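Chemist: Just add 1111 to the spot in the sequence shown (first one is 1) and you have our numbering. Each residue gets a CB set at the ideal place from its N, CA and C atoms; glycine is no exception. Keep in mind that this is a model prediction, so the values were computed, not measured.
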Amino acid sequence: MQAEILERTVEVRDQLEAEVERVKEAVVDAVEDRLVAARLAVEHGRHAAEGLVDDAEYQIKQRPFSALGVTFGIGLGLGAAIGVLLVRNGRCVR
């Protein structure tokens, strides 16, 4: 009777070890796949950003005064928006 229980316990232990090893391998494979996907996404993002910078440099070289006007307009708009927010919050005293 005790020998049967011991044998059954050993069998269950062996089955559990095999199942744990299978799950461990599946998790490791999934993590490695996600790491590869993340590296590829970063690389694609880097290439896209470099392309946008190159396009912006080209446009600035082709139309320097337009670029200056757009930059001035954006700065003026952001300054006005920040000023309105400061006045609205009561942080700017006249």
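Should Q1170 and A1178 be called a contact, given that it needs their Cβ atoms to be closer than 8 Å?
Modeler: On the sequence shown, position 59 is the one that residue 1170 refers to. On the sequence shown, position 67 is the one that residue 1178 refers to. Cβ atoms of Q1170 and A1178: closer than 8 Å.
Chemist: Which of the three DSSP states is assigned to R1174 in this structure?
Modeler: Here residue 1174 is taken as the residue at index 63 of the sequence shown, counted from 1. Three-state DSSP puts R1174 in coil, outside helix and strand.
Chemist: Give me the Cα-Cα distance between G1180 and G1156, rounded to the nearest whole angstrom.
Modeler: Here residue 1180 is taken as the residue at index 69 of the sequence shown, counted from 1. Here residue 1156 is taken as the residue at index 45 of the sequence shown, counted from 1. Their backbone Cα atoms lie some 29 Å apart in a straight line.
Chemist: DSSP three-state call for G1201: helix, strand or coil?
Modeler: Mapped onto the sequence shown, residue 1201 falls at position 90. G1201 falls in the coil class under three-state DSSP.
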